[in-house]
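Down below is the structure, laid out as structure tokens.
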Amino acid sequence: MNAGFRPDFDPRDPLGIDDELTTEQLAVRESVRALCRDRVGPYVGDWFERGELPAARELARELGKLGVLGMHLDGYGCAGMSAVDYGVACEELEACDSGLRSLVSVQGSLAMFAIWRWGSEEQKQYWLPSMAAGETIGCFGLTEPDHGSDPASMRTSARRDGTDWVLNGRKMWITNGTIADVAVVWATTEEGIRGFVVPTGTPGFSAPEIHHKLSLRASVTSELVLDEVRLPQDAVLPEVVGLRGPLSCLNEARYGIVWGANGAAHSCLRAALDYSTTREQFGKPLAGHQLTQSKLADMAVRVHNGRLLALHLGRRKDEGKLLPQQVSFGKLDNVRGALEVARTARTVLGANGISLEYPVMRHMTNLESVLTYEGTSEMHALTIGAAMTGVQAFRD
Amino acid sequence: MNIVVLVKQVPDTWSERKLSDSDHTLDRASADAVLDEINERAVEEALLAKEAHGGEVTALCMGPERATEAIRKALSMGADKAVHLSDEALHGTDAVGTAKALAKVVGTLESVDMIIAGNESTDGRSGAVPAMLAELLGWPQLTYARSLSLDGSTVTIERETDAGVTSVRAELPAVVSVTEKINEPRYPSFKGIMAAKKKPVSTLTLADAGIDAGEVGLSGALTQMVSSAPAPPKEAGQQVTDEGDGGTRIVEFLSGKNLV
Chain A
1 MNAGFRPDFD
11 PRDPLGIDDE
21 LTTEQLAVRE
31 SVRALCRDRV
41 GPYVGDWFER
51 GELPAARELA
61 RELGKLGVLG
71 MHLDGYGCAG
81 MSAVDYGVAC
91 EELEACDSGL
101 RSLVSVQGSL
111 AMFAIWRWGS
121 EEQKQYWLPS
131 MAAGETIGCF
141 GLTEPDHGSD
151 PASMRTSARR
161 DGTDWVLNGR
171 KMWITNGTIA
181 DVAVVWATTE
191 EGIRGFVVPT
201 GTPGFSAPEI
211 HHKLSLRASV
221 TSELVLDEVR
231 LPQDAVLPEV
241 VGLRGPLSCL
251 NEARYGIVWG
261 ANGAAHSCLR
271 AALDYSTTRE
281 QFGKPLAGHQ
291 LTQSKLADMA
301 VRVHNGRLLA
311 LHLGRRKDEG
321 KLLPQQVSFG
331 KLDNVRGALE
341 VARTARTVLG
351 ANGISLEYPV
361 MRHMTNLESV
371 LTYEGTSEMH
381 ALTIGAAMTG
391 VQAFRD
Chain B
1 MNIVVLVKQV
11 PDTWSERKLS
21 DSDHTLDRAS
31 ADAVLDEINE
41 RAVEEALLAK
51 EAHGGEVTAL
61 CMGPERATEA
71 IRKALSMGAD
81 KAVHLSDEAL
91 HGTDAVGTAK
101 ALAKVVGTLE
111 SVDMIIAGNE
121 STDGRSGAVP
131 AMLAELLGWP
141 QLTYARSLSL
151 DGSTVTIERE
161 TDAGVTSVRA
171 ELPAVVSVTE
181 KINEPRYPSF
191 KGIMAAKKKP
201 VSTLTLADAG
211 IDAGEVGLSG
221 ALTQMVSSAP
231 APPKEAGQQV
241 TDEGDGGTRI
251 VEFLSGKNLV
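Those sequence lines, one after another, are chains A and B.
Here the first sequence is numbered in UniProt numbering, starting from 1 and rising by one per residue.
Here the second sequence is numbered in UniProt numbering, starting from 1 and rising by one per residue.
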């Protein structure tokens, strides 16, 4: 290659998708990337090994200062960015670690979005500015020990007692639970499913951390226990009754995963590409072996098709045209694809593929959670199937 | 407190940097271009001063059209406005010409109290522009600052060089250059990024700034690059056998490199 000749083909962006992003979107990416590189990247392997997220509060404040938390919401201290901006940020966060993206998704797309979309003006003004700043951490309780894909049959209940509400029940697999200051909890009432904004210091509320995870180890996962939790009348989210409430929030978070999972995949691809050019076997770099090149090409196709899909969905979301089934399409394909990429990358790295010195196996095991949370791949396939055929296969 | 920060776009230190074969100037197309890291610290220091004392921060950049990216980063961090001196005739300008051109532009700005710059750019590394600019403006120069404080009409810095640390104070207006130790620059926040879109950037040509074309560019340069060669590959390490004087020899080696 001639000195000074710049190839048109950029291995980091083989399809030239970056040209589709605005200057501001590239700047958003650069800021998130810099924060991840400085404050998380050097430590996350160790956090993962120890199974903890130390200094979560400082990290939340850093993210808040940047504007990441609830960034796609308007007003109340939120940054008011577009869906594509939000996607670009999720891509970078999850390229660092799925646990980091989970923290941000749960804060912004689940807890904050629930209050922003379905809360009263007082609730919004009270909670959102400090949540956007990362001073207040939120969690979101929908899944229960016995009710995952079928949340309509939840057992957590809220009953009226005078003007108060009294909540009882348990929620499971709740990201940020143990460190949260506020929990958005969904419960059945006489009127149907309703959302409650629960300060975690309320008597009867506890959030023990779930241990023994082999995935999302640099993320706090908890159980929520509600034992006669008494809340004032104004703790209920006034603007929604029914499953539509929590599902609207999940739809927001799933959209972020479409980008995020692909970010993790891209990180695996970069690790594999880098390794293949430096590691030598049989007297030449791994990259010079045909099977390795085939793997690299397949991974690149998967990752950059995934980016195109994410960008397409993001643009539809910004135009107000994104359907829940399209989000299911994106989550199904990009998470599944990311897992394939992670597993392929792991083979390129050989034994080093299982080491925490490289990001690959960490991403791979993280993605096993991403595959089933926020709607399992099976449920997303059934959602698409139902939309295509007009027949629901999961409900009689 | 009106502060001008000098910002420069440089090739990313992470990418391979090349000089052009024809005139030994920097091949700007061959590498990713970024706002020089040391300038991020200069911008940060200006913003801290503005936050404490009020006023306005203006980013001043001399460079090709593409340097708008570096300017935008300074604005995203929080600078209020920018001035971009951009003219094809500036290609190949040396440090003296750069200082002359910048001095002219500073002359077009109203009531500047302080100019903050990086101590040296990561590409050219002459480290001379802040001092020459101060000389041309007739202002005091406070270079290699590892800390900066303002008190009414004076600025005080801790100046750190290989020779040690000295405290330097001067009346404003003054030119200050900062080292890597001065601060940790902020990341541009999303609000900052969006606000930067609406901030004013005035682009000046040589004529706009009243700069004599004969004093800048390759032809006006007082220094001339006659040849360039790639840096030699790393040499093998030097082994010291300890014959009872190992400690002394290590200290001699380190002090010879100005490391202790």
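All residues carry an ideal CB built from backbone N, CA and C; glycine is no exception.
Predicted, not measured: the structure shown is a model, and the values here were computed from it.
Note to self: Considering Cα atoms alone, identify which of ALA74/B, MET62/B, THR122/B is closest to ALA99/B.
What the structure shows: As a first step, residue 99/B is located in the second sequence; it is residue number 99 there, counting from the start. That would be MET62/B, whose Cα lies nearest to the Cα of ALA99/B.
Note to self: Below 8 Å on C-beta distance, what does ILE193/B contact in chain A?
What the structure shows: Position 193 of the second sequence, counted from the first residue, corresponds to residue 193/B. Going along chain A in sequence order, the residues near ILE193/B (Cβ under 8 Å) are GLU24, ALA27, VAL28, SER31.
Notebook entry, point to check: Between LEU273/A and the rest of its own chain, which residues show a CB-CB distance below 7 Å, the 5 nearest in sequence each way excluded?
Noted result: Indexing the first sequence from 1 puts residue 273/A at position 273. Answer for LEU273/A: PRO11, LEU296, listed in chain order.
Notebook entry, point to check: To which residues of the same chain is ALA236/B closer than 8 Å at the C-beta, ignoring the five residues directly before and after it?
Noted result: As a position in the second sequence, residue 236/B is number 236, starting the count at 1. Closer than 8 Å at Cβ, skipping near neighbours: no residue.
Note to self: My assumption, with CB atoms under 8 Å, is that LEU367/A sits in contact with ALA235/A. Please give the rounded CB distance.
What the structure shows: Mapped onto the first sequence, residue 367/A falls at position 367. Mapped onto the first sequence, residue 235/A falls at position 235. The Cβ separation is near 36 Å, so there is no contact.
Checklist line | Span separating the alpha-carbon of ASP19/A from that of GLN25/A | finding: Here residue 19/A refers to the residue found at position 19 of the first sequence. Here residue 25/A refers to the residue found at position 25 of the first sequence. Each residue's alpha carbon lies about 11 Å from the other.
Notebook entry, point to check: At which residue ranges does the stretch 99-154 of chain B contain complete alpha helix (DSSP H) runs of 4 or more residues, listed in the order of the chain?
Noted result: 129-137
Note to self: Please give the ranges of any beta strand (DSSP E) in the stretch 170-231 of chain B, keeping only runs that are unbroken, at least 3 residues long and fully inside the region.
What the structure shows: 174-178, 201-204
Check: Taking DSSP as the reference, what is the three-state secondary structure of HIS84/B?
Finding: Against the second sequence, residue 84/B aligns to sequence position 84. DSSP places HIS84/B in strand when its eight states are reduced to three.
Item checked: Top-ranked residue by Cα proximity to ARG57/A, from PHE48/A, LYS124/A, GLU135/A, GLN107/A -> Counting from one through the first sequence, the residue named residue 57/A turns up at place 57. Selected option, being the one with the closest Cα: GLU135/A.
Notebook entry, point to check: Near ASP164/A, which residues of its chain fall below 8 Å by C-beta distance, leaving aside the five closest residues on each side in sequence?
Noted result: Residue 164/A sits at position 164 when you count from the first residue of the first sequence. Excluding positions up to five away in sequence, the list reads ARG230, LEU231, PRO232, GLN233.
Check: Taking buried to mean at least 16 other C-beta atoms within 10 Å of its own C-beta, is GLN238/B buried or exposed?
Finding: Here residue 238/B is taken as the residue at index 238 of the second sequence, counted from 1. Exposed: under 16 other Cβ atoms inside 10 Å.
Check: Tell me which same chain residues have a C-beta within less than 7 Å of the C-beta of TRP139/B, skipping the five on either side of it?
Finding: By one-based count along the second sequence, residue 139/B stands at place 139. Same-chain partners within the cutoff: PRO173, ALA174, VAL175.
Next item on the list: Please check the pair LEU93/A and GLY260/A, which I expect to be a contact at CB under 8 Å, by giving their CB distance rounded to whole angstroms.
Entry: Translated into the one-based positions of the first sequence, residue 93/A becomes position 93. Translated into the one-based positions of the first sequence, residue 260/A becomes position 260. Yes, they are in contact, since the Cβ atoms of LEU93/A and GLY260/A sit about 7 Å apart, within 8 Å.
Next item on the list: Verify the CB distance criterion: does LYS50/B have a CB-CB separation below 8 Å to chain A?
Entry: Here residue 50/B refers to the residue found at position 50 when the second sequence is read from its first residue. Answer no: the Cβ-Cβ gap between LYS50/B and chain A never drops below 8 Å.
Check: Counting contacts by CB-CB distance shorter than 8 Å, is MET81/A in contact with chain B?
Finding: Here the question's residue 81/A lines up with position 81 in the first sequence. Judged by the 8 Å Cβ criterion, MET81/A is in contact with chain B.
Item checked: Residue burial classification, THR93/B (beta-carbon count within 10 angstroms, cutoff 16) -> By one-based count along the second sequence, residue 93/B stands at place 93. With 16 or more Cβ atoms within 10 Å of its Cβ, THR93/B is classed as buried.
Notebook entry, point to check: Is it right to say GLN326/A is buried, meaning 16 or more other beta carbons lie within 10 angstroms of its own, or is it exposed?
Noted result: The count along the first sequence starts at 1 and reaches residue 326/A at position 326. So GLN326/A ends up on the buried side.
Next item on the list: Can you grab the Cα-Cα spacing for the pair THR166/B / LEU136/B, in whole Å?
Entry: Working through the second sequence from its first residue, we reach residue 166/B at position 166. Working through the second sequence from its first residue, we reach residue 136/B at position 136. Those two C-alpha atoms are separated by around 24 Å.
Margin query: Buried or exposed, going by whether 16 or more other CB atoms sit within 10 Å of the CB of LYS171/A?
Written below: Locating residue 171/A in the first sequence gives position 171, counting from the first residue. So LYS171/A counts as buried.
Notebook entry, point to check: Which value, in whole angstroms, describes the spacing of the CA atoms of ARG346/A and ASN352/A?
Noted result: Counting from 1 along the first sequence, the entry for residue 346/A is found at position 346. Counting from 1 along the first sequence, the entry for residue 352/A is found at position 352. Answer to the nearest angstrom: the Cα atoms are 8 Å apart.
Next item on the list: Just mark PRO203/A as buried or exposed, buried being the case when its beta carbon has 16 or more other beta carbons within 10 Å.
Entry: The sequence position of residue 203/A within the first sequence is 203, counting from 1. That one is exposed.
Note to self: Less than 8 Å between the beta carbons of GLU69/B and ALA95/B, yes or no?
What the structure shows: For this step, residue 69/B is matched to residue 69 along the second sequence. For this step, residue 95/B is matched to residue 95 along the second sequence. No, they are not a contact pair.
Next item on the list: Could you check which residue in ARG249/B, GLY247/B, ALA231/B has the C-alpha nearest to that of LEU19/B?
Entry: As a first step, residue 19/B must be located in the second sequence, where it is residue number 19. Taking only the C-alpha atoms, the option nearest LEU19/B is ALA231/B.
Item checked: Of the listed residues VAL182/A, ARG159/A, HIS211/A, TRP173/A, nearest to GLU190/A (C-alpha basis) -> As a working note, residue 190/A is residue 190 in the first sequence. Of VAL182/A, ARG159/A, HIS211/A, TRP173/A, the residue nearest in Cα terms is ARG159/A.
Margin query: In whole angstroms, give me the CA-to-CA distance for ASP39/A and ILE137/A.
Written below: Within the first sequence, numbered from 1, the residue matching residue 39/A stands at position 39. Within the first sequence, numbered from 1, the residue matching residue 137/A stands at position 137. The sequence as given places Arg at residue 39/A; Asp does not occur at that position. Going by the C-alpha atoms only, they are around 19 Å apart.
Item checked: chain B contacts made by the stretch 42-74 of chain A, where a contact means CB separation under 9 Å -> GLU62, LYS65, LEU66, GLY67, VAL68, MET71
Check: Quick one: does the C-beta of ASP298/A sit closer than 7 Å to a heavy atom of the ligand NAD?
Finding: The ligand NAD is not part of this structure, which contains no ligands at all.
Check: Looking at the structure shown, is ASN2/A part of a helix, part of a strand, or coil, going by DSSP?
Finding: In the first sequence, counting from the first residue as 1, residue 2/A sits at position 2. For ASN2/A, the predicted model reports a pLDDT of 48, less than 50, meaning its position is unreliable and no value from the coordinates is stated.
Next item on the list: Measure the C-alpha to C-alpha separation of LEU48/B and GLY75/A and round it to an integer number of angstroms.
Entry: Locating residue 48/B in the second sequence gives position 48, counting from the first residue. Locating residue 75/A in the first sequence gives position 75, counting from the first residue. Cα to Cα, LEU48/B sits roughly 27 Å from GLY75/A.
Notebook entry, point to check: For ALA183/A, does the three-state DSSP call read helix, strand or coil?
Noted result: For this step, residue 183/A is matched to residue 183 along the first sequence. DSSP places ALA183/A in strand when its eight states are reduced to three.
Note to self: Looking at chain A, is there any beta carbon in it that lies within less than 8 Å of the beta carbon of LYS197/B?
What the structure shows: Reading the second sequence from its first residue, position 197 is the one you call residue 197/B. Yes, because at least one Cβ of chain A sits closer than 8 Å to the Cβ of LYS197/B.
Checklist line | Spatial neighbours of MET1/A in its chain, beta-carbon cut-off 6 Å, leaving aside the 5 residues before and after | finding: Residue mapping note: residue 1/A aligns to position 1 of the first sequence, counting from 1. Any reading at MET1/A needs caution, since the residue's pLDDT is 43, under 50, leaving its predicted position unreliable; the model's value is listed next. Same-chain partners within the cutoff: there are none.
Note to self: What does the Cβ neighbour count give for VAL182/A, buried or exposed, with the cut at 16 atoms within 10 Å?
What the structure shows: For the purposes of this step, residue 182/A is identified with residue 182 of the first sequence, where counting begins at 1. Its Cβ being crowded by 16 or more others within 10 Å, VAL182/A is buried.
Next item on the list: Can you tell me which of GLU91/A, ALA89/A, TRP116/A, CYS96/A puts its alpha carbon nearest to the alpha carbon of CYS78/A?
Entry: As a working note, residue 78/A is residue 78 in the first sequence. The shortest Cα separation from CYS78/A among GLU91/A, ALA89/A, TRP116/A, CYS96/A belongs to TRP116/A.
Notebook entry, point to check: Comparing alpha-carbon positions, which option in GLY97/B, GLU88/B, THR143/B lies nearest ILE115/B?
Noted result: Walking along the second sequence from the start, residue 115/B turns up at place 115. Considering only alpha carbons, the answer is THR143/B.
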